[in-house]
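Chemist:
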Amino acid sequence: MLIPLKCSCGDCQEWAMIELQGSIEIQQSGLLEKIQALTIGTLCKRAGGKFTFTVGYHELEGLQVALKKPLLILKSRTQEIQDENSMEVDSTGNVSKQEPRAELQVIGIIRHKLLFKSRPKALISKPEVKVKGRVKG
Amino acid sequence: MRESMISVLKLDVDPQVSVGYAETFRSDEPYRLLEVDEALLQELLHSGLTIKGGREDEAVLCTSKATFAMKFVSTSNTVLLVPPSPRGSDGCDAEVDEDLPRAEVGIVATASGHIELVETAPRLENLQALVSRRPFKDDENLGEEEAEDGELYTWDELSARTQASDHQLRDALRKLEAAEIGRFWRVVDPDYMHNLLGILLSAAVQNDWSLKALQGSEVIRSLEAHFPAPVVITCLDKFGVRAGPSPKNPVQGQESCGSGAADLWALDDEKICIHYAKLLLRDKTKWKLEDFLEEWAMITPSWMSVDLNMLRGEALVEKVGLESWLHQFSCSLLPCRPDARFTALFSRRSKWEWEDLEPYLKDLRVPGQSVEAMLLKYTRKSQPTPTSTPVYTAR
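Line order of the protein sequences matches chains A and B. Oh and the first sequence: position 115 is 115 in the working numbering, straight run, nothing missing. Oh and the second sequence: position 148 is 148 in the working numbering, straight run, nothing missing.
#1: Do residue 59 (chain A) and residue 120 (chain A) have their C-beta atoms closer together than 8 Å?
#2: Evaluate contact between the segment 117-131 of chain B and the segment 42-56 of chain A, counting only Cβ atoms and requiring at least three cross-stretch pairs below 8 Å.
#3: List, in order along the chain, the chain B residues whose C-beta lies closer than 7 Å to that of residue 70 (chain A)?
#4: According to DSSP, is residue 212 (chain B) helix, strand or coil?
#5: Which residues mark the beginning and the end of the alpha helix (DSSP H) in which residue 194 (chain B) is found?
#6: Please work out which residues of its chain come closer than 7 Å, Cβ to Cβ, to residue 292 (chain B), disregarding the five sequence neighbours upstream and downstream, and give them in chain order.
#7: Roughly how many angstroms separate the alpha carbons of residue 52 (chain A) and residue 42 (chain A), rounded to a whole number?
#8: Residues of chain A with a CB under 7 Å from the CB of residue 31 (chain B): which are they?
#9: What did DSSP end up calling residue 46 (chain B) once you bin it into helix, strand or coil?
#10: Determine the chain B residues that contact residue 13 (chain A) at a beta-carbon separation under 7 Å, and present them in chain order.
#11: By Cβ distance, which residues of its chain are closer than 7 Å to residue 8 (chain A), with the 5 residues on each side in sequence left out?
#12: Who does residue 108 (chain B) pair with in a DSSP beta bridge?
#13: Using a Cβ-Cβ cut-off of 8 Å, state whether residue 4 (chain A) counts as contacting chain B.
#14: In this structure, how does DSSP classify residue 49 (chain A) when only helix, strand and coil are distinguished?
#15: Please list, in chain order, all residues of the same chain as residue 70 (chain A) whose beta carbon is under 8 Å from its beta carbon, the five residues on each side excluded.
#16: Kindly list, in the order they appear in chain B, the residues whose Cβ is closer than 8 Å to that of residue 104 (chain A).
#17: Check whether the Cβ of residue 45 (chain A) lies closer than 8 Å to any Cβ atom in chain B.
#18: Is the beta carbon of residue 50 (chain B) sitting closer than 8 Å to the one on residue 5 (chain A)?
#19: Nearest chain B C-beta to residue 16 (chain A) closer than 8 Å, yes or no?
#20: Identify the continuous beta strand (DSSP E) that holds residue 325 (chain B) and give its terminal residues.
#21: How would you list, in chain order, the residues of chain A whose beta-carbon sits under 7 Å from the beta-carbon of residue 60 (chain B)?
#22: So, is residue 114 (chain B) buried or exposed, given that buried needs 16 or more other C-beta atoms within 10 angstroms?
#23: According to DSSP, simplified to helix, strand and coil, what is residue 167 (chain B)?
#24: When you compare each of A:124, A:101, A:73 and A:55 to residue 27 (chain A) by their alpha carbons, which one comes out closest?
#25: Mind checking if residue 103 (chain B) is an interface residue toward chain A, Cβ cutoff 8 Å exclusive?
#26: Just checking: is the beta-carbon of residue 23 (chain B) within a distance shorter than 8 Å of some beta-carbon in chain A?
#27: What residues from chain B crowd round residue 20 (chain A), counting only those whose CB sits closer than 7 Å?
#28: Does the segment 155-165 of chain B touch the segment 54-69 of chain B, meaning 3 or more C-beta pairs lie closer than 8 Å?
#29: If you draw a straight line from the alpha carbon of residue 465 (chain B) to that of residue 328 (chain B), how long is it in whole angstroms?
#30: Please report the straight-line C-alpha distance between residue 391 (chain B) and residue 358 (chain B), rounded to a whole angstrom.
#31: By the criterion of Cβ-Cβ separation under 9 Å, what are the contact partners of residue 60 (chain A) in chain B?
#32: Pull up the CB-CB distance for residue 122 (chain B) and residue 75 (chain B), whole angstroms please, since I reckon it's below 8 Å.
#33: Assuming residue 265 (chain B) contacts residue 242 (chain B) under a Cβ cut-off of 8 Å, what Cβ separation, rounded to an integer in Å, is found between them?
#34: Can you pull the chain A residues whose beta carbon is under 8 Å from the beta carbon of residue 16 (chain B), in chain order?
#35: What residue does the beta strand (DSSP E) around residue 75 (chain B) start on, and which one ends it?
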């Protein structure tokens, strides 16, 4: 069986990749079903190619890293074949004709990633500081 | 206006963008990530690549020249994929946005790992069987309709049934001495080939052709009443080498029938001598050495001289008492995978000297593994005394 792998655009657009050590936990369990359009956090570029990613009360520090070898993003497309003979040859073991024709398409390329590999730093929230201040004062 | 991720990468210091799952986010990993180097990337963009494999095979990726194993490397990190323009956070549903802060960087999918490519040897074990189902013989008419029975395969069918690049498949077909007759690739019956060689040699003598400079087209023309052109080319290829620059070997084969200046062939005496030796060994697999040498010299064309060294990789000489015997043991009949090859070799002989062993390893080519590495892996080398010849035994 052959699966062609091609790029129809001829000039692949660059995608970005964000890599986090660990996983993103969604607290409200009701949201597990539908996380589309859910905001995770805020990304901010700092000096020297550094990035911070703030998720809830956690801040992640990361770097922009160039990949040693690019990653291609592949998407499979399965085409049903319209050949009406395909049903007849079914039992003869003539495999190539009856399988739906699959094809992998390159839809993008990744050359850089934002890598956040340090442990998240807890952000001390400002309201609490204010409260403490009041108590002292 | 929403920022795309790429412009985020090129952003000035300090601006913030919110990151979130896009409207079109899919949790079922709709994409695969494939790691490629620049050379592969260029070939992919220009001509495309092919993934090959049957249901039971591990898939391989083939370029025009090489074959790669595909290994999935998983990661425990969270990998978020962001397309160049935010999808799903864009467009006509502009009314919803008041409560839901929508992502400016929209994640459309996650990935649990990527596929790595490791160059590997082509998997051509079944090729010989595919092209040998019905060897081409004399008594056949060349109609194309007779191949309906699934015994014969076209180039495309062979390419789909083997895990090898076009270049490697073509090489393997040449080694198997197969010819593309009609549309089908198949080996040529040995007797038929022998017959053809005899007629070719006598035609050369009659027409006063030089055996070191045979004009392919002329040979084909003079033999075409009895032998189809692709078989003649296979014969020239089997017993000779293309002199002069070989024409570009086209993927689809037919043009190897050659035309113009490039179709000069030089017949190789050694290959022809080996052919005659193999004929003898086919009829009788075990010979007393001196009987064999005598017989061999007799059936070989008189202007060629035979030499036992030619049979390295075809036969082994065994000493029994004072007598030497020649046993057929052809490299081409041994398995192509290194582990199976060594098992076969050691079941034939438990001890090998390098001199005898070397011809049986010559055709083993595994990317990233040298012959030395294979010897270390599958054999034990021992040398009873410092001056004696080392011998290899099974590990």
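For each residue, glycine too, the CB sits at the ideal point set by N, CA and C. Predicted, not measured: the structure shown is a model, and the values here were computed from it.
Modeler: Quick answer:
#1: Within the first sequence, residue 59 (chain A) is the residue found at index 59, counting from 1. Within the first sequence, residue 120 (chain A) is the residue found at index 120, counting from 1. In contact: residue 59 (chain A) and residue 120 (chain A) (Cβ atoms closer than 8 Å).
#2: no
#3: Counting from 1 along the first sequence, the entry for residue 70 (chain A) is found at position 70. What residue 70 (chain A) touches in chain B: 36 and 41.
#4: Residue 212 (chain B) sits at position 212 when you count from the first residue of the second sequence. Note: residue 212 (chain B) maps to coil in three-state DSSP.
#5: Along the second sequence, read from residue 1 onward, the residue named residue 194 (chain B) stands at position 194. Here the alpha helix (DSSP H) through residue 194 (chain B) covers 190-207.
#6: If you number the second sequence from 1, residue 292 (chain B) lands on position 292. Hits under 7 Å: 280 and 326.
#7: Taking the first residue of the first sequence as position 1, residue 52 (chain A) is located at position 52. Taking the first residue of the first sequence as position 1, residue 42 (chain A) is located at position 42. Going by the C-alpha atoms only, they are around 8 Å apart.
#8: The sequence position of residue 31 (chain B) within the second sequence is 31, counting from 1. The contacting residues are 73, 74 and 75.
#9: For the purposes of this step, residue 46 (chain B) is taken as residue 46 along the second sequence, with counting starting at 1. In the structure shown, residue 46 (chain B) sits in a helix (DSSP, three-state: H, G or I).
#10: The residue you call residue 13 (chain A) lines up with position 13 of the first sequence. Neighbours of residue 13 (chain A) on chain B, chain order: 84.
#11: Against the first sequence, residue 8 (chain A) aligns to sequence position 8. Answer for residue 8 (chain A): 105, listed in chain order.
#12: Here residue 108 (chain B) is taken as the residue at index 108 of the second sequence, counted from 1. Bridge partners of residue 108 (chain B): none, in fact.
#13: The residue you call residue 4 (chain A) lines up with position 4 of the first sequence. At least one chain B Cβ lies under 8 Å of residue 4 (chain A).
#14: Residue numbering aside, residue 49 (chain A) sits at position 49 when the first sequence is read from its first letter. It is helical.
#15: For the purposes of this step, residue 70 (chain A) is taken as the residue at position 70 of the first sequence. Excluding sequence neighbours, residue 70 (chain A) sits near 109, 110 and 111.
#16: Here residue 104 (chain A) corresponds to residue number 104 of the first sequence, with the count starting at 1. Those within 8 Å of residue 104 (chain A) in chain B are 32 and 51.
#17: Residue 45 (chain A) sits at position 45 when you count from the first residue of the first sequence. Chain B contact via Cβ: present.
#18: Counting from 1 along the second sequence, the entry for residue 50 (chain B) is found at position 50. Counting from 1 along the first sequence, the entry for residue 5 (chain A) is found at position 5. In contact: residue 50 (chain B) and residue 5 (chain A) (Cβ atoms closer than 8 Å).
#19: Along the first sequence, one-based indexing puts residue 16 (chain A) at 16. It does: the Cβ of residue 16 (chain A) has a partner Cβ on chain B nearer than 8 Å.
#20: Along the second sequence, one-based indexing puts residue 325 (chain B) at 325. 323-328 is the extent of the beta strand (DSSP E) around residue 325 (chain B).
#21: In the second sequence, counting from the first residue as 1, residue 60 (chain B) sits at position 60. What residue 60 (chain B) touches in chain A: nothing, since even the nearest Cβ is about 11 Å away.
#22: As a first step, residue 114 (chain B) is located in the second sequence; it is residue number 114 there, counting from the start. With 16 or more Cβ atoms within 10 Å of its Cβ, residue 114 (chain B) is classed as buried.
#23: Within the second sequence, the letter at position 167 stands for residue 167 (chain B). In this structure, residue 167 (chain B) counts as helix in the three-state DSSP scheme.
#24: Translated into positions along the first sequence, residue 27 (chain A) becomes position 27. Closest by alpha carbon: A:55.
#25: For the purposes of this step, residue 103 (chain B) is taken as the residue at position 103 of the second sequence. Any answer about residue 103 (chain B) is weak, because its pLDDT of 46 lies below 50 and its placement is not dependable; what the coordinates show is given next. With 8 Å as the cut-off, residue 103 (chain B) counts as an interface residue toward chain A.
#26: Here residue 23 (chain B) refers to the residue found at position 23 when the second sequence is read from its first residue. True, the Cβ-Cβ gap to chain A drops below 8 Å.
#27: Walking along the first sequence from the start, residue 20 (chain A) turns up at place 20. Going along chain B in sequence order, the residues near residue 20 (chain A) (Cβ under 7 Å) are 77 and 78.
#28: yes
#29: This structure leaves residue 465 (chain B) out entirely; chain B is present only between 1 and 395.
#30: Stepping through the second sequence from its first residue, residue 391 (chain B) is reached at position 391. Stepping through the second sequence from its first residue, residue 358 (chain B) is reached at position 358. Their Cα atoms are separated by approximately 12 Å.
#31: Along the first sequence, read from residue 1 onward, the residue named residue 60 (chain A) stands at position 60. By Cβ distance, chain B contributes nothing, its closest Cβ being about 11 Å from residue 60 (chain A), past 9 Å.
#32: Counting from one through the second sequence, the residue named residue 122 (chain B) turns up at place 122. Counting from one through the second sequence, the residue named residue 75 (chain B) turns up at place 75. At roughly 30 Å, the Cβ-Cβ gap does not stay under 8 Å, so residue 122 (chain B) and residue 75 (chain B) are not in contact.
#33: Translated into positions along the second sequence, residue 265 (chain B) becomes position 265. Translated into positions along the second sequence, residue 242 (chain B) becomes position 242. Indeed they touch by this definition, with Cβ atoms about 6 Å apart.
#34: Mapped onto the second sequence, residue 16 (chain B) falls at position 16. What residue 16 (chain B) touches in chain A: 42, 43 and 44.
#35: In the second sequence, counting from the first residue as 1, residue 75 (chain B) sits at position 75. 67-82 is the extent of the beta strand (DSSP E) around residue 75 (chain B).
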